[in-house]
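Protein chains in written order, with the working numbering: chain A, 3 to 418; chain B, 3 to 418.
In this text, a Cβ means the ideal position worked out from N, Cα and C, and glycines have one as well.
Note that this is a predicted model, so its numbers are computed, not measured.
Below is one structure, written out as structure tokens; the observations come after it.
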DNA sequence: GATTTTTTTCTCGACAGTCGAGAAATTTAG
DNA sequence: CTAAATTTCTCGACTGTCGAGAAAAAAATC
């Protein structure tokens, strides 16, 4: 449904635009902002003075003039405009990071995760405690925290911050919104971890290729299998989604998966599945909850030495991934695939299977093999994705709700 | 990438908004437009007088006043503002329809399709002749044709009107843009047939449910298998896609498909596949080019009488469809599925397989079986989808490029 | 038949936003 | 000290939307 447009909307959108180029390129002068946004100098003046009055951006300290002419005055976000807490939930720990409005990391710690099975309630309590702890350590007032950005593996509700299914808690849903609302007025967002990886890679790619960038998929290999897809939207930035790839059907009536279904991709390509297959355990045995990486390393070593059974296990995993990717490509379009996660260390063993699995589909035979690249530093990508996403959400929120109100309160502060 | 906004953009978007409510609700009075668009009366005046000067809309004939007060003046699109040619390519014929700007059908005919294999070039020539023929019959000047909207089964390039793969011509690409550009200045768009069905069903659904509508998939069963997905976009209307569903991998190293790959869904669920399976022909035999529906009816009759082999053929088809749909749902979200096409007459035989195939996946086990409905009148839906899509494209084009220019030329005409 | 009521359309002034041009500011080069 | 260069700021013009009220036009009422 289309909706009406007004001149205020124009100002809002252009304000967000100014903030976003500031975000992307760091501190910028008036003229540079004008160049990047294609807005006239007069408009930049109007917008920046408004944002400055609202205490969202500030003029930077005078820096040594680097040429003739009137020296530039750089504009940058005010670090103390607001704060962001990033919560990264992984299988064995939860990492809390406090970040300021300029994207600078202020504080960070990790907490071990309790592995007790009936732990959803206790887990939520732990997250609440962790959030209060990082706030307490920083001496920042709670109202200044504008956003809490959470990520986890698993399936996430697309509109609300509800974890619908996760490898650890299964179908025991976790609603972060209602869990945190009592003590936090900050907005809460929740994203799938691999989605954030895809978003970060997409942003990097767009930096390089510019308008040529179309789409990209990120595949994360580990105890579980995740997929994120980022596509260039029609007009409004990027469109990202995190399908339930690990539990997409690979083969009807296939191996038993952790989720209780038979034949999921993960039941062939997850770490536990490779282990199960390498030890020739029947495919309908209930899989191990957790597999030490060292264990898998041993299997990989044997496979590299030429032992048939472990090599076959990796090959089967590759085939499941390749088939799944080919199905994903059939449902979307040809796009490069970036593989991340701890599983990349076995890529030499997986590769042939992946390529064969991809090659078995019409789309790949017709359009050719998609570009596959291995990307390290999964953790950095996740955090980068958090920042990209969270800070632009904050920018939008500030402009949408804040500028006029904040401007008024700023005037009061000045006169008071 | 965000882009700058300006006041002209506001006017453009609001003009499109006015045209779209006119499109949706038929002739409307000033006040009604204001109600629907939430724009003020003054703005409606400004926009409508502009559109009227540009000869895009007109005041309707005075109708008997139906109450007290100043009588309403209805505004409607000018039928002669421009024309649209709809070309529906099906396996045995090509249908040409001439439609005016108000969406009214003016002329229509079908032409048999030559089934010669080396026919891509000849086929394009036939389409060009057909287009000229329908233009000639109508006595409309060629410049008045603003858009040629083509649909076909198969895989379509998402940005340009290029048929990438089709059941009949295979990988022999057809670029309608370059084929028609010499003699037509009209814009050319090409869509997958099932995508248009999905778009039409989505529009209907949105009429009923309003903002509650989220997404919907249309599955078309026939000689080939098509899928269209429509999702409510973030802000700008609907987002539709037509994946290569029929040739998504169903089973690695499975039955041979028309496309030359093994294991496509169509190689189990297409009409030829059901035939092959019912006659217990080996799955690697090259499939029949064309299967008379009567032949399939016979098999269905036997299956309904309880014969095992033909019943199994339908069941296998259902399983392939169900597995494929479950994979699609894993990659998107839970959504209702509408089944159309000639294959719906065998739905009683397919149903059990489809449901079982769906049930084998994690997503369906977790979120439950999606709603499945059978929808008749596929042809009507295709045409409706064409109109929805094409006319809104025309509206946008007119406003974007036309209003000021057309206004100028109108003034010239008046003074001349 | 004149007047009032009701409903719709049109018009006017206020306000918000962007833009181009040029003025003002401020530094380096000579 | 002056001229040149460069950046920032300001002003008036233009476009757009809005609310209020005037104008139009028919039915209802006296």
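Rounded to whole angstroms, what's the CA-CA distance from residue 94(B) to residue 357(B)? Just pull it up for me. Taking C-alpha positions only, residue 94(B) is separated from residue 357(B) by approximately 32 Å.
Can you list, in chain order, the residues of its chain whose CB lies under 7 Å from that of residue 362(A), leaving out five sequence neighbours each side? 325 and 328, listed in sequence order.
Residue 197(B) lies in the alpha helix (DSSP H); which residues open and close that run? Bounds of the alpha helix (DSSP H) holding residue 197(B) are 195-211.
Alpha carbon of residue 399(B) to alpha carbon of residue 336(A), nearest angstrom: Pairing residue 399(B) with residue 336(A), the inter-Cα distance amounts to about 29 Å.
Counting C-beta neighbours from all protein chains within 10 Å, is the total for residue 196(B) 16 or more, i.e. buried, or is it exposed? For residue 196(B), the number of other beta carbons within 10 angstroms of its own is at least 16, and it is reported as buried.
In its own chain, which residues sit with a C-beta less than 8 Å from the C-beta of residue 359(A), not counting the 5 before and 5 after it? Shown here for residue 359(A): same chain residues with a beta carbon closer than 8 Å to its own, the five before and five after excluded, namely 320, 321, 322, 323, 324, 325, 326, 327 and 328 in chain order.
Is there a Cβ from chain B that is less than 8 Å from the Cβ of residue 390(A)? Cβ-Cβ to chain B under 8 Å: no for residue 390(A).
Closest by C-alpha distance to residue 162(B), when choosing among 348(B), 170(B) and 152(B): Nearest in C-alpha terms to residue 162(B), of all of 348(B), 170(B) and 152(B), is 152(B).
Can you tell me whether DSSP reads residue 415(B) as helix, strand or coil? Caution is warranted here: a pLDDT of 37 is assigned to residue 415(B), below 50, making its placement in the model unreliable, and the coordinate value is therefore given only provisionally. Helix at residue 415(B).
In or out: residue 188(A) buried (at least 16 other Cβ within 10 Å) or exposed? Looking at its Cβ environment, which holds 16 or more other Cβ atoms inside 10 Å, residue 188(A) is buried.
Simplified DSSP assignment, three categories, for residue 320(B): Three-state result, residue 320(B): helix.
Taking Cβ-Cβ distances shorter than 9 Å, what residues in chain A pair up with residue 173(B)? Residues of chain A passing the Cβ test: 368.
Beta-carbon gap between residue 136(A) and residue 111(A) smaller than 8 Å: Yes, they are a contact pair.
Quick check on residue 422(B): buried or exposed, where buried means 16 or more other Cβ atoms within 10 Å of its Cβ? Residue 422(B) is absent from the model: chain B starts at 3 and stops at 418.
Under 8 Å, Cβ to Cβ, is there at least one residue of chain B near residue 6(A)? Yes, contact with chain B.
What is the DSSP secondary structure of residue 162(A), counted as helix, strand or coil? Of the three classes helix, strand and coil, the one that applies to residue 162(A) here is coil, per DSSP.
Closest by C-alpha distance to residue 295(B), when choosing among 226(B), 266(B), 169(B) and 260(B): It is 226(B).
Show which residues of chain A have a CB atom less than 9 Å away from the CB atom of residue 333(B). Chain A residues near residue 333(B): 229, 231, 243, 245, 246, 247, 250, 329, 330, 333 and 334.
Rounded to a whole number of angstroms, what is the C-alpha to C-alpha distance between residue 6(B) and residue 53(A)? Answer to the nearest angstrom: the Cα atoms are 17 Å apart.
Assigned exposure category for residue 134(B) - 16 Cβ within 10 Å defines buried: Label assigned to residue 134(B): exposed.
Residue-chain proximity (residue 362(B), chain A), Cβ-Cβ < 8 Å: Look at residue 362(B): its C-beta is under 8 Å from a C-beta on chain A.
Mind listing, in chain order, the continuous alpha helix (DSSP H) runs of no fewer than 4 residues lying wholly within the segment 287-313 of chain A? Listed in chain order, the complete alpha helix (DSSP H) runs (minimum 4 residues) inside the segment 287-313 of chain A are 295-306.
Per DSSP, what kind of secondary structure is residue 172(A) in: helix, strand or coil? Note: residue 172(A) maps to strand in three-state DSSP.
Taking residue 348(A) as the reference, give the member of 233(A), 396(A) and 303(A) with the closest Cα. Answer by Cα proximity: 303(A).
Can you tell me where the alpha helix (DSSP H) holding residue 342(B) begins and where it ends? No alpha helix (DSSP H) holds residue 342(B); the beta strand (DSSP E) holding it covers 339-342.
Residues of its chain near residue 168(B), where Cβ-Cβ distance is below 7 Å and the 5 sequence neighbours each way are ignored: Only 154, 155 and 156 meet the Cβ criterion.
Sub-8 Å separation of residue 249(A) and residue 62(B) beta-carbons: No, the Cβ-Cβ distance between residue 249(A) and residue 62(B) is not below 8 Å.
With DSSP as the reference, label residue 247(A) as helix, strand or coil. Helix at residue 247(A).
Quick check on this structure: which residue in 146(A), 186(A), 208(A) and 364(A) has the alpha carbon closest to the alpha carbon of residue 251(B)? When only C-alpha atoms are compared, the closest one is 364(A).
What residue from 202(A), 18(A), 284(A) and 149(A) has the CA that sits closest to residue 340(A)'s CA? Comparing Cα positions, the closest option is 202(A).
Answer with buried or exposed for residue 292(A), where buried requires no fewer than 16 other C-beta atoms within 10 angstroms of its C-beta. Residue environment: residue 292(A) is assigned as exposed (fewer than 16 neighbouring CB atoms within 10 Å of its CB, all protein chains considered).
Assess contact between the segment 74-94 of chain B and the segment 137-151 of chain B, defined as three or more Cβ pairs (one per stretch) separated by less than 8 Å. Is contact present? Touching, yes.
Evaluate residue 371(A) with the Cβ neighbour count: other Cβ atoms within 10 Å of its Cβ, from every protein chain shown; 16 or more gives buried, anything less gives exposed. Classification for residue 371(A): exposed.
If we cut at 8 Å on Cβ distances, does residue 353(A) have a partner in chain B? Proximity of residue 353(A) to chain B, defined by a Cβ-Cβ separation below 8 Å, is not satisfied.
Contacts that residue 265(B) makes with chain A (C-beta to C-beta distance below 7 Å): Residues of chain A whose Cβ lies closer than 7 Å to the Cβ of residue 265(B) are, in chain order, 362.
Chain B partners of residue 160(A), CB-CB under 8 Å? Correct list: 335.
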